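Read through the structure below, which is laid out as structure tokens, and then see the notes.
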Amino acid sequence: MRTRLLAIAIERETDLVLARQRTRHIAALAGFDTQDQTRITTAVSEIGRNVLEYAKAGRIEYWLDTTEAKLEILVEDKGPGIADLDAILSGSYRSPTGMGIGILGARRLMEDFSIRSRAGEGTHIRMTKPLSRKRGGWSTGDIAKMSAALVVPETMDPLQEIRRQNQEMVIQLEELGRRQEELEQLNQELHETNRGVVALYAELDERAEHLRRADELKLRFLSNMSHEFRTPLNSILALSRLLLGKTDGDLTAEQAKQVQFIRKSAETLTELVNDLLDLAKFEAGKTVVNVGEFTVDSLFGVLRGMLRPLLVSDHVALVFDDAAEVPPLSSDEGKVSQILRNFISNALKYTEKGEVRVSAETDVDADTVTFHVRDTGIGIEPKDIEFIWQEFHQIPHGLQSRVKGTGLGLPLSRKLALLLKGNVAVTSLPGEGSCFSLAIPRLYAAEISDREGPAWHLEAGKAPVLIVDDNAADAFSIERWLAGSRYQALAARSIAEAQRAMIKFQPVAVLLDVMLSGQECWNFLIELRQNEATQGLPIIVLSTTQEERKARSLGADEYFDKPADPRRLLAALDQLTGRRTIRRVLIVDDEEVSRYLQKQLLPRGAFAIEEAATGVAGLERVAEACPDVILLDLNLPDMTGIDFIEALPATPDRRPAIVLVTSADVTQDQRGRLSGVSDILRKSDITSTSLLAAIERALDNESVSP
Amino acid sequence: MDQIPIMKIGDCLLVSIQVDMHDQLAISLQDNLTTRIVQTRARGVMIDISALEIVDSFIGRMLNNIASMSRVLDAVTVVVGMQPAVAITLVELGLTLPGVRTALDVDRGLALIRRLIDDEAGS
Chain R
1 MRTRLLAIAI ERETDLVLAR QRTRHIAALA GFDTQDQTRI TTAVSEIGRN
51 VLEYAKAGRI EYWLDTTEAK LEILVEDKGP GIADLDAILS GSYRSPTGMG
101 IGILGARRLM EDFSIRSRAG EGTHIRMTKP LSRKRGGWST GDIAKMSAAL
151 VVPETMDPLQ EIRRQNQEMV IQLEELGRRQ EELEQLNQEL HETNRGVVAL
201 YAELDERAEH LRRADELKLR FLSNMSHEFR TPLNSILALS RLLLGKTDGD
251 LTAEQAKQVQ FIRKSAETLT ELVNDLLDLA KFEAGKTVVN VGEFTVDSLF
301 GVLRGMLRPL LVSDHVALVF DDAAEVPPLS SDEGKVSQIL RNFISNALKY
351 TEKGEVRVSA ETDVDADTVT FHVRDTGIGI EPKDIEFIWQ EFHQIPHGLQ
401 SRVKGTGLGL PLSRKLALLL KGNVAVTSLP GEGSCFSLAI PRLYAAEISD
451 REGPAWHLEA GKAPVLIVDD NAADAFSIER WLAGSRYQAL AARSIAEAQR
501 AMIKFQPVAV LLDVMLSGQE CWNFLIELRQ NEATQGLPII VLSTTQEERK
551 ARSLGADEYF DKPADPRRLL AALDQLTGRR TIRRVLIVDD EEVSRYLQKQ
601 LLPRGAFAIE EAATGVAGLE RVAEACPDVI LLDLNLPDMT GIDFIEALPA
651 TPDRRPAIVL VTSADVTQDQ RGRLSGVSDI LRKSDITSTS LLAAIERALD
701 NESVSP
Chain A
707 MDQIPIMKIG DCLLVSIQVD MHDQLAISLQ DNLTTRIVQT RARGVMIDIS
757 ALEIVDSFIG RMLNNIASMS RVLDAVTVVV GMQPAVAITL VELGLTLPGV
807 RTALDVDRGL ALIRRLIDDE AGS
């Protein structure tokens with residue numbers, strides 16, 4: 001057991017004197033004889049003086065080790081360390097101050113002496129002296145007695161007492177200081193670690209960004225190159241066809257063969273380019289699922305016809321099992337066919353003898369259809385199976401030299417299968433054949449059951465904004481944000497609902513949450529962008545998964561991470577729907593076709609359009625919220641357009657500008673009464689441009705004469 | 707600040723160190739003593755360290771210095787009353803005091819000083 005008896009701080013010369021006294025006292029208490037007391041005290045004095053001289057301050061600790069029966073004295077400082085320690089210990093050192101005997105001398109005086117000193121870290125010295133043999137050994141009682149004797153010094157000199165207490169305080173302060181230092185160091189370390197982590201994060205972000213860029217570049221390269229390749233390839237194909245067609249005279253048999261080879265190679269290359277294009281298209285997310293209803297039977301029929309030319313050998317049979325019992329599917333027939341084509345042509349390539357059998361089965365419970373393409377070909381080694389889905393990977397085999405492929409078929413098939421919410425699988429035995437399977441849900445996008453959809457109610461004078469979000473809470477909070485604005489939220493819980501809302505209303509903008517159902521959502525975005533009518537429609541994408549790049553590349557105008565800041569969202573809406581406020585246009589016409597036509601002629605989202613079938617209804621609308629422009633039919637069932645104009649409120653600032661739309665000529669007499677009408681358009685030659693120009697003029701007039 | 711008293715006995719100066727000196731005290735003793743040697747034209751210096759329980763290298767060197775300085779000032783130095791434990795420790799410490807003459811007690815010290823002064827006068 002080791003017990004600390006005492007600790008003394010060395011800070012000034014008088015401390016050294018005290019240390020000598022204390023050392024002597026302790027040595028006496030520990031039972032050393034006078035000679036050893038003097039030795040120990042001298043050693044402490046020597047070392048203590050060194051501490052004072054070189055490190056300015058330090059501490060001495062006295063320990064009693066009862067297990068090994070020795071007195072241990074530790075002296076440590078936080079000084080600059082001892083530079084010539086080796087020289088000093090070897091005795092070759094001569095101190096310029098004439099000293100230099102301290103360490104060596106102390107070592108001679110003590111039994112065991114070890115010193116550790118490093119520049120900047122201070123010096124630690126440990127000295128021990130064995131205790132005299134004591135009958136019965138050292139008990140805890142002895143130690144307690146010793147400690148007590150040390151605490152109550154024999155000389156009750158008050159000055160000394162104060163000094164002693166001072167000493168203790170200094171030591172405690174020192175310890176506190178040390179602890180604080182440790183804490184600070186720990187803090188510092190944490191801070192540094194933190195900084196490191198942050199830096200690491202930044203680096204990761206950078207890497208990710210880099211990867212994304214590389215990926216994008218690859219995609220662009222792929223699609224560009226594929227397109228670029230296609231043109232010359234088509235020329236080669238066309239030219240070789242021309243040559244083979246002997247339009248410009250006969251070819252020799254040899255030449256014909258050569259051209260045939262050119263043509264073959266070009267065809268192979270075209271195939272590769274097409275596969276690449278498919279892949280690029282897929283990765284760019286531009287593949288759209290065209291859902292339609294079809295039967296497996298008919299699909300097999302088409303495939304049979306398509307693939308027959310691939311049967312080059314009589315030894316291989318291509319068999320389609322009867323699939324009449326498989327219920328019709330609602331999925332993308334083209335893609336299913338493409339996948340199966342890939343499987344079958346693959347199977348035919350690697351089968352020299354036997355058959356390739358195509359079958360289909362349904363799983364009623366899961367409502368899935370699984371297609372199998374089984375061959376009796378070379379099979380795949382187990383170790384290779386995981387590679388076959390990788391792009392450009394081909395398993396080396398003797399047949400490879402004969403059969404050509406791009407190495408893209410299977411990876412593409414898998415991607416297409418995933419797109420159809422299905423998957424592909426393979427089982428294989430080398431030498432016996434393989435079985436490739438495609439499992440897809442029978443109904444792609446299990447039709448949303450709530451066909452009715454929510455009852456949207458459009459408030460007069462508000463610009464509808466379509467909100468596509470499957471999370472009711474999110475949609476609701478957006479609705480609330482928009483409640484006070486001039487936008488009205490139309491929440492759609494599914495793409496199908498959104499599509500219905502798009503038809504029913506003409507939203508001025510779309511807020512699209514892409515978490516909705518992944519790909520489907522992106523497809524909706526692409527669809528909106530591809531559709532001429534909605535090309536310019538502002539689309540804001542919201543997502544929790546940081547997909548700004550993808551969103552923007554697919555045509556989103558603005559992107560927000562969820563949860564979005566309502567103010568920024570509103571600002572973005574304002575900005576995207578035109579910096580100016582959206583003008584409200586009221587169409588007053590009794591003919592529905594006419595209203596519809598005018599509405600269609602106006603660009604989507606540019607105006608908030610309201611309709612009224614009668615003059616009275618129109619006037620009511622005006623009373624509710626004054627539109628900026630009225631497209632007015634001259635002949636209404638309940639009143640004439642002129643009556644309508646006269647019935648409008650007289651206050652100038654409540655008076656909308658009017659564009660008169662007529663099917664008949666306007667008489668001179670009537671013209672006199674058309675106050676406030678900025679333009680007259682004939683229904684027969686109304687166009688989008690003329691209508692827009694008229695509205696523009698009407699709005700201009702309004703703004704110059706308020 | 708404490709001081710070590712220096713007493714004059716004839717042409718000798720007697721210093722009796724009764725307390726454990728801190729280093730500054732030792733240095734001031736060294737200064738005072740040389741001053742007093744010059745003032746009193748003393749021929750001998752006797753330093754009694756019988757009360758000292760330890761003499762470490764610093765004190766040892768101080769004693770040596772005093773001896774050398776008084777030598778230069780034409781005085782001889784004798785250290786008396788060193789405790790046996792101190793003597794052993796000094797040797798173990800590796801400290802040699804080449805210029806310091808020692809005597810067991812004050813009487814012998816005085817006699818030694820007298821003899822040394824006479825020797826010098828005689829030669």
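For the protein sequence lines, the chains are R and A, in the order given.
Mapping to this note's numbering: the first sequence position 132 is 132, numbers consecutive.
Add 706 to a position in the second sequence, counting from 1, and you land on the number used in this note's numbering.
Beta carbons are placed, not taken as given, at the ideal position from N, Cα and C, and that holds for glycine.
Model, not experiment: these values are computed from the prediction.
Here L528 (chain R) is near L537 (chain R), since their CB atoms are less than 8 angstroms apart. For M110 (chain R), the closest C-alpha among the options R:H124, R:V44, R:R116 is that of R:V44. Under the 8 angstroms criterion on CB atoms, V785 (chain A) is classed as non-interfacial with respect to chain R. By the neighbour-count criterion, in which 16 or more other beta carbons inside 10 Å mark a residue as buried, I715 (chain A) falls on the exposed side. For P232 (chain R), the three-state secondary structure derived from DSSP is helix. Neighbours of V17 (chain R) in chain A, taken as residues whose beta carbon is under 7 angstroms from its own, are D726, H728 in chain order. With contacts defined by Cβ atoms closer than 8 angstroms, I609 (chain R) and L602 (chain R) form a contacting pair. Within chain A, S763, L799, G800, L801 have C-beta atoms less than 8 angstroms from the C-beta of I101 (chain R), given in sequence order. Just so you know, the alpha carbons of E46 (chain R) and R195 (chain R) end up roughly 47 angstroms apart. Within chain R, no C-beta atom comes nearer than 8 angstroms to that of I753 (chain A); the closest sits roughly 18 angstroms away.
Contact annotation for I723 (chain A) against chain R: no contact, minimum CB-CB distance about 13 angstroms [criterion: below 9 angstroms].
In this structure, DSSP gives N635 (chain R) an extended state, which the three-state scheme calls strand. Close to chain A, meaning a Cβ-Cβ distance shorter than 9 angstroms, is no residue of the region 69-83 of chain R at all. Closest in C-alpha terms to P566 (chain R), from the list R:Y487, R:D628, R:A612, R:A501, comes R:Y487. The beta carbon of G31 (chain R) sits no closer than 8 angstroms to any beta carbon of chain A. Less than 8 angstroms divides the Cβ of K70 (chain R) from the Cβ of L131 (chain R).
Chain-order list of chain A residues neighbouring Q35 (chain R): P790, A791, I794, T795, by C-beta distance under 9 angstroms. Annotation for T67 (chain R): M1, R2 place their beta carbon closer than 8 angstroms to its own, counting only its chain and skipping 5 residues before and after.
Note on the region 298-362 of chain R: whole beta strand (DSSP E) runs with a minimum of 3 residues are 316-320, 329-331, in chain order. Around L104 (chain R), the beta-carbon contacts reaching into chain A at under 8 angstroms are G800. When only Cα atoms are considered, F436 (chain R) and A324 (chain R) end up about 21 angstroms apart. L769 (chain A) sits away from I743 (chain A), with the two beta carbons spaced by 8 angstroms or more.
Taking 8 angstroms as the cut-off, the Cβ atoms of L660 (chain R) and G641 (chain R) count as close.
R671 (chain R) is classed as exposed because its beta carbon has fewer than 16 other beta carbons within 10 Å across all chains shown.
About 13 angstroms separates the Cβ atoms of I723 (chain A) and I733 (chain A), ruling out a contact at the 8 angstroms cut-off.
When secondary structure is reduced to three states using DSSP, H25 (chain R) falls in the helix class.
At a C-beta separation below 9 angstroms, E759 (chain A) has these neighbours in chain R: R20, R24, T34, Q37, T38, T41. Note on geometry: alpha-carbon atoms of F371 (chain R) and I378 (chain R) lie some 21 angstroms from one another. When the five nearest sequence neighbours on each side are left out, the beta carbons in the same chain lying within less than 7 angstroms of the beta carbon of G81 (chain R) are those of S117, R118, A119, G120, E121, G122, T123, in order along the chain. With three or more CB-CB distances shorter than 8 angstroms, the region 264-276 of chain R counts as touching the region 211-231 of chain R. Across the structure, T247 (chain R) and N342 (chain R) are spaced so that their CA atoms are roughly 35 angstroms apart. Counted as a single uninterrupted DSSP element, the stretch harbouring F607 (chain R) is not any alpha helix (DSSP H) but the beta strand (DSSP E) occupying residues 607-612. Listed as beta-bridge partners of M713 (chain A) by DSSP are A:L720. Taking 7 angstroms as the Cβ-Cβ cut-off, the region 104-118 of chain R approaches chain A at L104, G105, R108, L109, given in chain order. Judged by DSSP secondary structure, G48 (chain R) falls outside any beta strand (DSSP E) and instead within the alpha helix (DSSP H) spanning 34-50. Looking at the backbone, the Cα of S337 (chain R) and that of L303 (chain R) are separated by about 7 angstroms.
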